[in-house]
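Numbering (our numbering), first residue to last: 192 to 319.
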Amino acid sequence: SAQLENNIEKILKGNNIDEEESINMLGASCLPWQIKSYEFVALKRLPYKFNYQNIKLILGEGLAGFNNLNIIAPFVTEPCKPLEFIHQEDAAHNISLGIFPEQLDNNYTLVHNYSLGGNNTILLLKQH
Numbered sequence: 192s193a194q195l196e197n198n199i200e201k202i203l204k205g206n207n208i209d210e211e212e213s214i215n216m217l218g219a220s221c222l223p224w225q226i227k228s229y230e231f232v233a234l235k236r237l238p239y240k241f242n243y244q245n246i247k248l249i250l251g252e253g254l255a256g257f258n259n260l261n262i263i264a265p266f267v268t269e270p271c272k273p274l275e276f277i278h279q280e281d282a283a284h285n286i287s288l289g290i291f292p293e294q295l296d297n298n299y300t301l302v303h304n305y306s307l308g309g310n311n312t313i314l315l316l317k318q319h
């Protein structure tokens with residue numbers, strides 16, 4: 192989780208994103224236990240506020256397991272759909288579960304794809 196934390200911080204600071212900015216985050220491939228023990232651990236130490244949604248929990252195991260989903264994820268998911276298996280008490284103070292209609296206009300969305308084989312991909316998408 193320290194490597195993920197460092198990579199996210201590097202991307203956000205490298206793009207001059209203010210710490211007060213609210214960032215939408217789409218987890219693309221983590222299972223509930225990985226979300227709690229990996230993604231949430233990395234996010235909670237960062238000074239940003241995150242609106243978190245997980246694609247795998249919405250689309251299921253089969254459709255969420257390929258890297259190209261990183262690019263199309265924001266367009267094929269229902270970001271406002273409630274998450275199953277993850278609850279607000281599982282998340283740190285700076286993480287809100289779900290991305291709601293009023294947050295869809297946020298300037299930035301992070302997409303994180305994680306593979307047990309060690310392939311991690313983080314994309315920062317900017318709305319124009």
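All C-beta atoms, glycine included, are put in the ideal place defined by N, C-alpha and C. Just so we're clear, the structure is a prediction, and the values are computed from it rather than from any experiment.
Compare the beta carbon distance of residue i and residue j with 7 Å and say whether it is the shorter of the two.
i	j	result
L301	M216	yes
I246	A219	yes
Y239	I202	no
I290	P223	no
Y243	L288	yes
Put residue i into one of helix, strand or coil per three-state DSSP.
i	result
Q318	coil
L237	coil
L203	helix
L222	coil
N298	coil
Starting from residue i, follow the beta strand (DSSP E) in both directions and report where the run begins and ends.
i	result
L274	Element bounds for L274: n/a, residue is neither H nor E.
Q244	240-245
Taking the alpha helix (DSSP H) that residue i belongs to, which residues open and close that run?
i	result
G289	From DSSP, G289 is part of no alpha helix (DSSP H); its letter is neither H nor E.
State the Cα-Cα distance for the pair residue i and residue j, rounded to the nearest angstrom.
i	j	result
A193	A233	6 Å
N298	K204	15 Å
F231	N310	18 Å
L314	Y229	17 Å
Pull up the CB-CB distance for residue i and residue j, whole angstroms please, since I reckon it's below 8 Å.
i	j	result
N207	F241	That pair is no contact at about 18 Å.
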